[in-house]
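Let me begin by presenting the structure, written as structure tokens, before commenting on it.
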Amino acid sequence: ERPLRVKEVGLADGTKALASDGAPSDCVALALLGLLPEKIDLVVSGINPNANMGHDVTYSGTVTAAMEAAIGGIPGLAVSLDSPRNHLLEIDFSPAAKVAKQIANKVIVDGLPPGILLNINVPYLNYEKLNGIRITRQGLRVYRDSLDRREDPRGKPYYWIGGDEPTGVPENGTDFGALSEGFVSITPLH
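So for the sequence shown, my numbering puts the first residue at 2; every next one is plus one.
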């Protein structure tokens with residue numbers, strides 16, 4: 002364990018914000034435990050530059066932060082953009098931000114059932130090219146990990162966990178299926 006540091010920062014539009022050296026879930030916990038004096042209406046985590054679908058949600062700091070909110074009784078949204086792997090140009094988050102704002106506004110008005118968070122994945126398309134929004138279930142992620150054993154100059158073994166990029170099964174009704182057809186995927190998680 003270590004202490005968490007928090008400092009005030011300015012956002013690009015001049016808004017004052019707080020930044021922490023903790024994990025995303027630590028940031029939410031700090032706020033829920035009293036760092037912020039005002040009531041928290043909604044937690045939006047992300048926008049993560051890569052999709053969090055299928056089993057990825059168990060590894061995702063973005064999803065964990067929204068989960069921390071749901072555990073604390075606050076509606077939580079985890080927002081991720083399915084940007085191309087090894088994308089060399091600057092990533093355009095604006096379509097995902099527009100989608101996140103629409104969903105956040107709806108959740109503020111209608112709320113969410115207790116203990117539920119929304120895992121939102123947005124295709125890497127211009128906003129006008131999105132085909133709509135689908136409520137989905139978690140799909141099946143296919144991992145092709147491998148263990149590469151090597152030896153250092155002293156003959157001691159060390160290991161790399163690598164392999165090919167994971168893929169997903171684009172089954173109808175799943176997060177993978179929705180994204181493969183150009184739809185935003187919203188997967189409720191409990």
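All C-beta atoms in this analysis are idealised placements derived from N, C-alpha and C, irrespective of residue type, glycine included.
None of these values were measured; they are calculated from a predicted model.
Using a Cβ-Cβ cutoff of less than 8 Å, which residues in the same chain neighbour residue i once the five nearest sequence positions on both sides are dropped?
i	result
Ala18	Glu9, Val10, Gly11, Leu12
Arg138	Gly174, Thr175, Asp176, Thr188
Val108	Leu43, Pro76, Leu78, Leu119
For residue i, count neighbouring Cβ atoms within 10 angstroms of its own Cβ and tell me buried if that reaches 16, exposed if not.
i	result
Glu69	buried
Thr63	buried
Pro124	buried
Ala32	buried
Val20	The amino acid at residue 20 is misidentified as Val; the sequence shows Ala. By the 10 Å Cβ count, Ala20 comes out exposed.
Asn222	Since the first residue of the chain shown is 2 and the last is 191, residue 222 is not available in this structure.
Less than 9 Å separating the beta-carbons of residue i and residue j?
i	j	result
Gly47	Ser95	no
Asn120	Ala67	yes
Leu131	Val58	no
Asp27	Leu43	no
Leu36	Ala71	no
Ser84	Ile75	no
Val100	Ile134	yes
Val29	Gly73	yes
Going by beta carbon distance, what residues of the same chain come within less than 7 Å of residue i, once the five residues before and after it are set aside?
i	result
Pro25	Ser46, Gly62, Thr63, Thr65, Ala66
Tyr160	Leu148, Asp149, Arg150
Hey, residue i and residue j are a contact pair by Cβ (cut 8 Å); roughly how many whole angstroms apart?
i	j	result
Leu78	Leu190	Rounded, the Cβ-Cβ distance is 11 Å, inconsistent with contact.
Gly116	Gly55	The pair is not a contact, with the Cβ atoms about 21 Å apart (cut-off 8 Å).
Asn53	Asn106	Actually they do not touch by this definition, with Cβ atoms about 22 Å apart.
Beta-carbon within less than 6 Å of residue i's beta-carbon, same chain only, minus the 5 sequence neighbours each way: which residues are those?
i	result
Pro171	Phe177, Gly178, Ser181
Can you name the start and end residues of the alpha helix (DSSP H) that residue i belongs to?
i	result
Lys8	Not the alpha helix (DSSP H): Lys8 falls in the beta strand (DSSP E), residues 7-11.
Which two residues bound the contiguous beta strand (DSSP E) that contains residue i?
i	result
Gly47	44-49
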